[in-house]
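Trainee: Per my numbering, the very first residue in the sequence shown carries number 747; after that it's consecutive.
A virtual CB, placed ideally from N, CA and C, is assigned to each residue, including glycine.
Fair warning: this is a prediction, and the values are worked out from it, not measured in the lab.
Let me give you the structure first, and then I'll get to my questions.
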Amino acid sequence: MREAMYRAEVGDDVYFEDPTINALQERAAELLGFEAALWTPTGTMGNQICIRLHAPPGSEVIVESRAHIYEWELGALAALSGLVPRLVAAERGHPTWSAIAAAIQPTAYYRAQTALICLENTHNMHGGTVADQSETAVILREAAARGLPVHLDGARLFNAAVALGRPVAELARGFSSVMTCLSKGLGAPAGSIIAGSRSFIERARATRKMFGGGMRQVGVLAAAGLVALDEGPAQLAADHANAKALAAALASLPGWRVDLSRVETNIVIGNVAETGFSAPDLCHRFKSVGVLAGAVSDAEIRFVTHRDAPRAACQEAAERIRRLLER
747 MREAMYRAEV GDDVYFEDPT INALQERAAE LLGFEAALWT PTGTMGNQIC IRLHAPPGSE
807 VIVESRAHIY EWELGALAAL SGLVPRLVAA ERGHPTWSAI AAAIQPTAYY RAQTALICLE
867 NTHNMHGGTV ADQSETAVIL REAAARGLPV HLDGARLFNA AVALGRPVAE LARGFSSVMT
927 CLSKGLGAPA GSIIAGSRSF IERARATRKM FGGGMRQVGV LAAAGLVALD EGPAQLAADH
987 ANAKALAAAL ASLPGWRVDL SRVETNIVIG NVAETGFSAP DLCHRFKSVG VLAGAVSDAE
1047 IRFVTHRDAP RAACQEAAER IRRLLER
């Protein structure tokens, strides 16, 4: 990947002159099954571009209550686009159509109107759970019947595709727009892709510039993205197996609660409320013995497996945590 970045042919992407970014966007559109695609520096920017284009200011966006768009994008849908989130809770992060339908606002001039539905696959804060494709199909069909666009935050969509053994385009089919990350498990140092119709992506390019994402010789990052798309998916099954092994080891620790049924891809979330320590305190202690994890609440710690953490590293991490807790 670094060799590809070093040798990347570049140009000015603001003027459509970077051949490597053009090739990446064409490749991504093909893989995802859309007419066109656009590179963005981050997944958050990609999500927010799509949200802004789908929903007019003052309208509501239906989103799951622990979705990345709601919890980890700093209120951007309100700050950047004047939108209001309408939250729908779901046990594993994937709401049913009946729950979504109940959140759609009635047509009335004195009510903020529902303009967009956002889904997330896999779901980060629910431990990398994979959406049920039959329920997703119902949501897409019913939303279309009501004239509502549906955006997919597919930051880890390739993980979902590997977990289900299906082409990634199949999981993206029917959505109005899709965002997926080239970083995360695919291994690029930066960058995400948004995909949609050709006219949608033309509008998205202007919004990306407005948000500060118009870049010049970005082919150096696009080259990494091409390697990520071509080689990254082959690593994901190993990441998923490593996550299951890590989860089982953590679940055996005193005071830890890990829902093994949720470990479907490369994320493990452990509840440490019964250990006597807070999650941030434990993460600080883990770092002192060379184990990196993130506190996502006062009681929850998130671990992510990836191409630079093979099975032996996952086993060693669990063993270091066990020794630390026994002190």
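Assuming proline 1026 is part of the alpha helix (DSSP H), what are its boundary residues?
Mentor: 1025-1034
Trainee: Which one or two residues does DSSP pair with serine 938 in a beta bridge?
Mentor: Thr786 and Cys927
Trainee: What residues in its chain sit with their C-beta under 7 Å from that of leucine 799, if we drop five residues either side in the sequence?
Mentor: Phe946, Arg949, Ala950 and Thr953
Trainee: Whole-angstrom Cβ separation of arginine 1066 and glycine 1022, contact assumed at under 8 Å?
Mentor: No, arginine 1066 and glycine 1022 are not in contact; Cβ-Cβ is about 19 Å, not under 8 Å.
Trainee: Near alanine 1019, which residues of its chain fall below 6 Å by C-beta distance, leaving aside the five closest residues on each side in sequence?
Mentor: The residues are Ala1045.
Trainee: Between the alpha carbons of valine 884 and histidine 840, how many angstroms are there, rounded?
Mentor: Using only the alpha carbons, I get a separation of about 12 Å.
Trainee: Counting C-beta neighbours from all protein chains within 10 Å, is the total for serine 938 16 or more, i.e. buried, or is it exposed?
Mentor: Buried is the call here.
Trainee: Quick check on arginine 887: buried or exposed, where buried means 16 or more other Cβ atoms within 10 Å of its Cβ?
Mentor: Result: exposed.
Trainee: From the DSSP output, in three-state form, read off aspartate 758 for me.
Mentor: Three-state DSSP puts aspartate 758 in coil, outside helix and strand.
Trainee: Compare the Cα-Cα distances from methionine 925 to each of Ala774, Met751 and Glu763 and report the closest residue.
Mentor: It is Ala774.
Trainee: Pull up the DSSP beta-bridge partners for phenylalanine 1049, would you.
Mentor: Val1014
Trainee: Give the straight-line distance between the Cα atoms of alanine 858 and alanine 847, rounded to the nearest whole angstrom.
Mentor: 15 Å
Trainee: Just curious, the alpha helix (DSSP H) that arginine 832 is in, first and last residue?
Mentor: Element bounds for arginine 832: not the alpha helix (DSSP H) but the beta strand (DSSP E), 830-834.
Trainee: Among Ile1015, Glu1072, Asp758 and Arg748, which one has its Cα closest to the Cα of glutamine 963?
Mentor: Asp758
Trainee: Runs of 3 residues minimum, wholly inside the segment 825-896: which ones carry the beta strand (DSSP E) assignment?
Mentor: List check, beta strand (DSSP E) in window: 830-834 and 860-866.
Trainee: Can you tell me whether DSSP reads alanine 1041 as helix, strand or coil?
Mentor: Of the three classes helix, strand and coil, the one that applies to alanine 1041 here is strand, per DSSP.
Trainee: Cα-Cα, which of Gln851, Ala901, Glu806 and His872 is closest to glutamate 837?
Mentor: His872
Trainee: Could you tell me the distance, in whole angstroms, from the CA atom of leucine 967 to the CA atom of arginine 1073?
Mentor: 44 Å
Trainee: Mind checking threonine 853: buried by the 16 CB within 10 Å criterion, or exposed?
Mentor: exposed
Trainee: Return helix, strand or coil for arginine 962, following the three-state DSSP convention.
Mentor: Here DSSP, grouped into helix, strand and coil, assigns arginine 962 to coil.
Trainee: Under a Cβ-count criterion, where at least 16 other Cβ atoms within 10 Å of its own Cβ denotes burial, should methionine 956 be classed as buried or exposed?
Mentor: That one is exposed.
Trainee: State yes or no: is the C-beta of asparagine 1012 within less than 8 Å of the C-beta of glycine 933?
Mentor: no
Trainee: Can you have a look at aspartate 976 and say buried or exposed, based on whether 16 or more other CB atoms are within 10 angstroms of its CB?
Mentor: exposed
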